[in-house]
Amino acid sequence: MHNHTPERTCVVCREKKDKSDLFRIAKISESNYSFDEKQKHQARAIYVCKTHECIKRISKNKKYNLKIEDLLLMVNLLKKQSKDYLNILKAMKNSEHLAFGINMVMDEIQHIHFLIIAEDISEKNDKKLIAKAKELNIPYAHYGDKTQLGEIFNKEEVNVIAIKNKKVARGLVD
Ligand SMILES: [Zn+2]
C-alpha cells in the first residue's frame, strides 16, 4: 500500500504525520526559527504537531527559541477549531476596539494589536497587510472568508478586521 500524502516527523514527539497535521517552522539560520504559516518559505524546515502539547513543549526548547508571536499564532490557529471567532467578534461589533476594511486598518495600524485577515483576501492586500504586521510585530491570523467577516458588520464583504485593544486581542489569543 502506498500513501501519496506527504508525511513529516514532529520534531517534539517524533510521530510521523500528514503535512496538514503539522505546523511548518522554517529554519532561517542556525539559531533562528520562524513559523511559516503559509508554507511558502524556501528555507529548510522542522515540523511540529498541531496540538497544544507539542506546541507547549517546543515553546520551552531553547534550541529553537521561537518568538512569542509565532507561538501565539500557532496556538491561535488551533483554537479555530474549538472557539468561534466570528461569534466573539459579532458580540463586539459596535465596539470602538475594532477596525475593519483595509483602508481603516492601514490608517489605524499604529494602534492595532491583532489582525484577522479573510482567507480569500486578494494576494495584493494580503501581502500589504502581512508586510505591515511583520514590520510592526502585530500578530495576525487568517480566518473566515470576506462574506463571513462582512456579516459581522452587516456589510457584503470585509477583508480584514483589526483589534485595537490589547486586552481584547489577548482574550482572542488566550
Ligand atoms: Zn508532536
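So the mapping is simple: the numbering used here equals the position in the sequence shown, first residue as 1, plus 5. C-beta: ideal position from N, C-alpha, C; glycine also. Everything numeric in this text was worked out from a predicted model, so none of it was measured.
| Query | Result |
| --- | --- |
| CA-to-CA distance, Leu-76 to Cys-59, given in whole angstroms | 11 Å |
| Segment limits, alpha helix (DSSP H) that includes His-57 | 57–64 |
| For review: beta carbons within less than 5 Å of any heavy atom in ligand 1 | Cys-15, Val-17, Cys-18, Cys-54, Cys-59 |
| Span separating the alpha-carbon of Gly-149 from that of Glu-124 | 6 Å |
| Coarse secondary structure for Lys-129, derived from DSSP in three states | helix |
| Residue range of the alpha helix (DSSP H) that includes Asn-108 | 107–112 |
| Identity of the residue in Arg-62, Ile-126, Ser-39 nearest Val-16 by Cα | Arg-62 |
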